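Report on one structure; see the data block that follows.
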Amino acid sequence: MGKRHLALMLISVGVISVMGSLAFNAPSTNNVLISKDKVATKGPTLPSDPELPLMADGRHYPIVPADPSEIAALLLAVEKALHDSTTSAEQLPSLGHQQQVIYRQLSKDYKKSEKVLKMLPTRWQHVAKRHLAARREFLNMHRNSNIPRLLPAWRIIAPEPAKNLLSYYRKAETATGIGWEVLAAVNLVETGMGRIDGVSVANAQGPMQFLPTTWNEQGIGEGDIRDPHDAIQAAARYLVRRGGLQDIRKGLWGYNNSNHYGKAVLEYAALLEEEPKAFNGLYYWEIHFVNEMGDLWLPVGYNQSKPIQASSYLKQFPASKPK
Numbered sequence: 196m197g198k199r200h201l202a203l204m205l206i207s208v209g210v211i212s213v214m215g216s217l218a219f220n221a222p223s224t225n226n227v228l229i230s231k232d233k234v235a236t237k238g239p240t241l242p243s244d245p246e247l248p249l250m251a252d253g254r255h256y257p258i259v260p261a262d263p264s265e266i267a268a269l270l271l272a273v274e275k276a277l278h279d280s281t282t283s284a285e286q287l288p289s290l291g292h293q294q295q296v297i298y299r300q301l302s303k304d305y306k307k308s309e310k311v312l313k314m315l316p317t318r319w320q321h322v323a324k325r326h327l328a329a330r331r332e333f334l335n336m337h338r339n340s341n342i343p344r345l346l347p348a349w350r351i352i353a354p355e356p357a358k359n360l361l362s363y364y365r366k367a368e369t370a371t372g373i374g375w376e377v378l379a380a381v382n383l384v385e386t387g388m389g390r391i392d393g394v395s396v397a398n399a400q401g402p403m404q405f406l407p408t409t410w411n412e413q414g415i416g417e418g419d420i421r422d423p424h425d426a427i428q429a430a431a432r433y434l435v436r437r438g439g440l441q442d443i444r445k446g447l448w449g450y451n452n453s454n455h456y457g458k459a460v461l462e463y464a465a466l467l468e469e470e471p472k473a474f475n476g477l478y479y480w481e482i483h484f485v486n487e488m489g490d491l492w493l494p495v496g497y498n499q500s501k502p503i504q505a506s507s508y509l510k511q512f513p514a515s516k517p518k
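Under the numbering used here, the first residue of the sequence shown carries the number 196, and numbering increases by one thereafter.
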């Protein structure tokens, strides 16, 4: 597929014309872990500040405490809630975003992250280490890249419902032998599980970021390159063709010619294999874009046909910037 950097400055998840207004169509708030016979429970109270600007859906940029012990306590509460099948579905978007921002900040601060890790119970230490290792691979991947001045020409849309995505990954696994966890991880790092609706500098398209030439190869693309179901099935077939059944690292190298990329994807895949409920958090990660103005949150509703100055965008949507 070649090198594509559509989602790698972020992961990470909409921009619109600065003269327009953000229109939100939020991702489905379904706890895919919850059983019908269980009563939803309230998750932890997240840090808040009434002075912070809000997005159209009433949320603000997640706050991360400065003190390592407070971070550890918050992270533990968030992880437990995201892994709990009774957590209220309405809280999942905020919990997932809080988790994401904690790991994004800790990944850049080795000393603080080590202090936080030591305060976590063993199980959650391992989960956190997986997250940090994956994020740091992407940081290393872009270590020598220039920080962009402009925000990208993307449209951020609500992802396919979580239960649908899980069914697509598992269908592809059954058909090809490529693990559903790998497909979910690729979907996450490429477009935030389909949130980024845009074309990369290399002309890669759709939720799994296919080059049209690759999509058109016999036996790879079937259906619509922009359709989540079709793209996920095609990605599995592509990984097989690139040798993924013999060595998944080879398959991922075909997807993106970077060892950092492959290692990051496999860290997330290993996390999902060890902790399948981790999907409940990853699904709610937002699109972030590292810019000279900071680690900016581009919410569902962002829709920009051309690159835009971050300062101009932030004047209208200040909630995209951290405190």
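Think of the CB as a built atom: it goes at the ideal place given N, C-alpha and C, for glycine as much as any other residue.
Note that the coordinates shown come from a computational prediction; the quantities given were computed from them, not determined experimentally.
Within the DSSP bridge table, the entry for Val485 names Asp490 as partners. The Cβ atoms of Pro242 and Ala276 do not sit closer than 7 Å to each other. Note that the C-beta distance between Ile351 and Arg390 is below 7 Å.
Each of Ile503, Asn475, Arg421 and Pro502 was checked against the Cα of Pro288, and the nearest Cα belongs to Asn475.
Under the 8 Å Cβ criterion, the stretch 308-325 does not count as touching the stretch 435-448, having fewer than three qualifying pairs.
Residue burial is scored here from C-beta neighbours: Asp490 has at least 16 other C-beta atoms within 10 angstroms and is therefore classed as buried. The DSSP-derived three-state label of Gln404 is coil.
At least 7 Å separates the beta-carbon of Glu385 from that of Gln400.
For a cut-off of 8 Å, the C-beta gap from Ala251 to Gly414 is around 43 Å, too long to register as a contact. Inclusion of Leu467 and Gly457 in the CB contact set at 7 Å is not warranted, their separation being larger than that value. One thing to note: Leu269 has its Cβ no nearer than 7 Å to the Cβ of Pro502. Nearest C-alpha to Ala430 among Gln295, Gly291, Thr371 and Ser264: Thr371. Per the Cβ contact rule, the stretch 355-362 is not in contact with the stretch 504-516 (fewer than 3 Cβ pairs under 8 Å).
Residue environment for Ser308: buried (at least 16 other C-beta atoms within 10 angstroms of its C-beta).
About 12 Å separates the beta carbons of Glu462 and Ala323, which is beyond the 8 Å limit, so they are not a contact pair. If you look at Glu309, you'll find it in the alpha helix (DSSP H) that goes Tyr305 to Lys313. By the CB criterion at 7 Å, Gly418 and Trp410 fall outside the cutoff. In its chain, beyond the 5 residues on either side, Val210, Ile351, Ile482 and Phe484 have a beta carbon closer than 6 Å to the beta carbon of Leu493. Straight across, the Cα-Cα distance linking Leu247 with Lys518 is about 7 Å. For Thr386, the enclosing alpha helix (DSSP H) covers residues Trp375 to Thr386.
Under the DSSP assignment, Pro263 falls in the alpha helix (DSSP H) whose first and last residues are Pro263 to Leu277. For the pair Lys237 and Ser283, the CB atoms are nearer than the 7 Å cut-off. Inclusion of Val273 and Gln300 in the CB contact set at 7 Å is not warranted, their separation being larger than that value. With respect to the 7 Å criterion, Asn486 and Ala505 are classified as neighbours on the basis of their beta carbons. Secondary structure at Thr317: helix, using DSSP grouped into helix, strand and coil. For Asp252, no alpha helix (DSSP H) run applies, since DSSP gives it neither H nor E. When His424, His255, Ala267 and Pro260 are compared, the shortest CA-CA separation from Lys516 is found for His255. Boundaries of the alpha helix (DSSP H) harbouring Ile297: Leu287 to Leu301, taken from the DSSP string. Counting the other Cβ atoms within 10 Å of the Cβ of Ser340 gives fewer than 16, which makes it exposed.
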